[in-house]
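The next block holds one structure in the form of structure tokens; read it before the comments.
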Amino acid sequence: MKNVYLVGGTMGVGKTTVCQQLKRKLPNSVFLDGDWCWDADPFWVTEETKKMVLENICFLLNQFIQCSVYDNIIFCWVMHQQEIIDYIVEQLNKTDCKIRTISLTAKESELRERLKKDIEEGKRTEDILDRSIERLACYNRLSTVKIDTDKRSIEDIAEEIAKL
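Residue 1038 in our numbering sits at position 46 of the sequence shown, and the numbers go up by one each step.
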């Protein structure tokens, strides 16, 4: 039985860091970050590019599912709309596969602190702050397991996901 972890959350909530830890924790694991499928310059958000990115993500996830080497496939991306999650799940080869959809959350104050630190360190630009905060509420409406990341270690969060 394959395990697919679809981990969403707003920018700065800790998706990539948690998923990297989860990859180390689970045996025979592979990690895909949805941002890798959309790392372009210029960054164009059009119907054509959105469709292409979703199709590329689904193709890659299915390739990992079909590969006998991997038992645990870990994917993270913002995924702030139920339609995005539903589309990805619908496209996956679910034979002998358990899919877990998870949203990482944080209080606004905690998220602001994390993002401000990233901005000060030059990892992110100032515009990320408002965009990320605006998306926080979206995750409450999703049909996902919610995991609060406030004041918790990466190891603890990854352990919680591994137990799902």
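Beta carbons: idealized from backbone N, C-alpha and C, even for Gly.
Hey, how far is the Cα of residue 1101 from the Cα of residue 996?
31 Å
Exposure of residue 1001, with buried meaning 16 or more beta-carbon neighbours within 10 Å
buried
Of the residues 1058, 1013, 1155, 999, the one placed nearest residue 1072, counting alpha carbons only
999
How many Å lie between residue 1114 and residue 1035 at the Cα?
19 Å
Could you compute how far the alpha carbon of residue 1116 sits from the alpha carbon of residue 1123?
12 Å
Determine the DSSP secondary structure at residue 1137, reduced to helix, strand or coil.
strand
With DSSP as the reference, label residue 1158 as helix, strand or coil.
No answer is possible for residue 1158: it lies beyond the span of the chain, which begins at 993 and ends at 1156.
Does the Cβ-Cβ distance between residue 1057 and residue 1049 come in under 8 Å?
no
Short Cβ contact (8 Å threshold) for residue 1024 with residue 1053
yes
Identify, in the order they occur along the chain, each residue of the same chain with its Cβ nearer than 7 Å to the Cβ of residue 1061, setting aside the five sequence neighbours on each side.
1020
Can you tell me whether residue 1008 is helix, strand or coil according to DSSP?
helix
Who are the near neighbours of residue 1041 in its chain, counting only those whose CB is closer than 7 Å to its CB and skipping five residues on each side?
none
Determine which residues share a DSSP beta bridge with residue 1023 and list them.
1066
Rounded straight-line distance, which links the Cα of residue 1097 to that of residue 1075:
19 Å
Confirm, please, whether the CB-CB distance from residue 1026 to residue 1103 is below 8 Å.
no
Output the distance between the C-alpha atoms of residue 1067 and residue 1011, rounded to the nearest integer angstrom.
8 Å
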